[in-house]
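Student: Residue numbers (this note's numbering), protein chains in the order written: chain A, 1 to 322; chain B, 1001 to 1054; chain C, 2001 to 2231.
For glycine and all other residues, C-beta sits at the position ideal for the given N, C-alpha and C.
Every value quoted in this text rests on a predicted model; they were computed, and no experiment measured them.
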């Protein structure tokens, strides 16, 4: 009976244990190694480095903005955005899940629609949440709220469309400068809302959401993000998606440089202009990260260290004394 | 801050280096440069010989 | 010097000869001691080829991680507003930021080194995988940290990040604008995740040993004669 088989050629770059030296415990020459001492030295070095960097450079702290700072700095943008929220034409109003169910708004990958699958789990009615609700919370709610609620959907749309266009045409988009027209209760509601904002009470009402304790800032963030104020501030700090903003930090401080790959795709076509750019980039980065994780299984990729022998520098002492 | 390579933009003290659409903020650039420098140094700097074991 | 073989462990007079293991605990202990006996877990020597500065970066990453956790502990114990109003608080925040930068700096150099050494060889593929996993989970942990700064950046980052998460269908359960949720992720779940994966990664390194040089051969002087490292 033949017991010999031609030996199967093992790939030394493979992930398998194999029969080579790499797969067996090292039986050769050793050098002294003090694990705890090295750990201690490492820890001390790290602490010193961190303390030095912190003392030399500190860290940035750009103050948070608020609905108050928004209404004070850019009242025109505030009113235009609030009108869009009332009209249901803002970005949030047309976002789709998890905030509402706008048809055709979701980001899909072909037939796969994860956004819709998740459902409307954080429901936000923009008109109610950002305009009608806060106005109704006043000790004497403006009469405009009742007028609005009594009006038909068509009537409401007519008012908000007309008002939005009028603001657009007004000098500096100033709500005080709009031409005369039939805008119903909208201008008065906006005036009251702006007063609430500049006085600071709108921040409290929208952040509290009727509760004493609330750590959910979703409504406030969405409202602010629907306007130009937050976005312009970010663009000024080079934090926008198309400015490598994901990686950046304010000032000259280092940011999240490890997000370079994620950020990269938003800078180049075709990704930059895709309507479903976010899900595409997420999937792409996930696949690439998985590929990195599975390099040992990928022929070609796993052989690169052999082809480009940087390892000869790492182990030059070993190779010299063979 | 001292401009290195191509100074792409300077926005009120914040320095951005780069070429066209590819801009990198100074802090990030320095961190990445430090990674490369340390990697190269680690490969070329001589390592102390081991201690004789008694 | 070298790890004891299975036979050597079995010949240890303490356990196996006196009574065969019948409990889960006993069998687990035997398995653990076989896979990672104490002198492999805490060795006093390492192979002669571990002689390059590239090898310090894994340790550097772990040391930085320790500083990240310590500074993070101080920050979270004092609450998210502390660093805005206290000079010491701001300094601790700075240490947290810089230890994170160093953590990733050392980890990336460590990754580059391990790739060019093809450190997955000889059955070390799980070590490689857990390494990349610590990188990924670390990135998630760092990201959630920015959301807790309670400043303009937190506002902007939560506004932007919601899109990727919503598109992936998880935006409602991982609500970046919900400070309470993000606190739990950042100070409990993700640090535990990173620590657990890193611990597992280190145990694997201790189990398999540091990968030998590419093209190491039995005829090499370091293997042909087992000798002390010479001057």
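By the DSSP assignment, the alpha helix (DSSP H) with residue 32(A) in it spans what residues?
Tutor: Careful: residue 32(A) lies outside any alpha helix (DSSP H), inside the beta strand (DSSP E) at 30-32.
Student: Mark residue 44(A) as exposed unless 16 or more other C-beta atoms lie within 10 angstroms of its C-beta, in which case mark it buried.
Tutor: exposed
Student: Excluding the five sequence neighbours on either side, which residues of its own chain have a C-beta within less than 6 Å of the C-beta of residue 171(A), listed in chain order?
Tutor: 177
Student: Could you check which residue in 314(A), 155(A), 149(A) and 115(A) has the C-alpha nearest to that of residue 1039(B)?
Tutor: Ranking the options by Cα distance to residue 1039(B), first place goes to 314(A).
Student: Taking only three categories from DSSP, how would you classify residue 1016(B)?
Tutor: strand
Student: Classify residue 115(A): buried if its beta carbon has 16 or more other beta carbons within 10 angstroms, exposed otherwise.
Tutor: buried
Student: Taking the straight line between their C-alpha atoms, what separation do you get for residue 42(A) and residue 101(A)?
Tutor: Near 53 Å, if we compare the C-alpha coordinates of residue 101(A) and residue 42(A).
Student: Is the region 2150-2169 of chain C in contact with the region 47-65 of chain A, if contact means three or more CB pairs nearer than 8 Å?
Tutor: These segments touch.
Student: Mind checking the region 309-322 of chain A against chain F and listing, in chain order, the residues whose C-beta falls within less than 8 Å of any C-beta there?
Tutor: The displayed structure is made up of protein chains A, B and C, and chain F is not among them.
Student: Starting from residue 1045(B), find everything on chain C with Cβ-Cβ shorter than 8 Å and list it in chain order.
Tutor: Per Cβ cutoff of 8 Å: 2053.
Student: Mind checking the region 1020-1042 of chain B against chain A and listing, in chain order, the residues whose C-beta falls within less than 8 Å of any C-beta there?
Tutor: Those residues of the region 1020-1042 of chain B that come within reach of chain A (Cβ to Cβ, closer than 8 Å) are 1021, 1022, 1023, 1024, 1025, 1026, 1027, 1028, 1030, 1031 and 1032.
Student: Suppose contacts are defined by Cβ-Cβ distances below 8 Å. Is residue 2038(C) in contact with residue 319(A) by that definition?
Tutor: no
Student: So the beta strand (DSSP E) residue 21(A) belongs to, where does it begin and stop?
Tutor: Element bounds for residue 21(A): n/a, residue is neither H nor E.
Student: If we call anything under 8 Å between Cβ atoms a contact, is residue 2222(C) one with residue 2045(C)?
Tutor: no
Student: Tell me the residue span of the beta strand (DSSP E) that contains residue 2047(C).
Tutor: 2045-2047
Student: Name the DSSP bridge partner or partners of residue 1025(B)?
Tutor: 1016(B)
Student: Roughly how many angstroms separate the alpha carbons of residue 2043(C) and residue 2102(C), rounded to a whole number?
Tutor: 27 Å
Student: Would you decide whether residue 288(A) is buried or exposed? Buried here means 16 or more other CB atoms lie within 10 Å of its CB.
Tutor: exposed
Student: Is residue 131(A) closer than 8 Å to residue 193(A) when the C-beta atoms are compared?
Tutor: yes
Student: Which residues share a DSSP beta bridge with residue 112(A)?
Tutor: 109(A)
Student: Is it buried or exposed for residue 31(A), if we count other Cβ within 10 angstroms and need 16 for buried?
Tutor: buried
Student: Apply the 10 Å Cβ neighbour rule to residue 212(A) and answer buried if 16 or more other Cβ atoms are within range, or exposed otherwise.
Tutor: exposed
Student: Alpha carbons only, please: which of 2133(C), 2220(C), 2224(C) and 2207(C) is nearest the one belonging to residue 2033(C)?
Tutor: Minimum Cα distance to residue 2033(C) is reached at 2207(C).
Student: So that I know if they touch, is there some Cβ in chain B lying closer than 8 Å to that of residue 2105(C)?
Tutor: Chain B contact via Cβ: present.
Student: Could you pull the start and end residues of the alpha helix (DSSP H) that residue 196(A) belongs to?
Tutor: 186-199
Student: Short check: CB of residue 67(A) to CB of residue 206(A), under 8 Å?
Tutor: Cβ atoms of residue 67(A) and residue 206(A): closer than 8 Å.
Student: Tell me the DSSP secondary structure of residue 2093(C) in three-state form.
Tutor: helix
Student: Could one say the Cβ of residue 249(A) lies closer than 8 Å to chain B's Cβ atoms, at least one of them?
Tutor: yes
Student: What's the call for residue 2218(C), buried or exposed, on a 16-neighbour Cβ count within 10 Å?
Tutor: exposed
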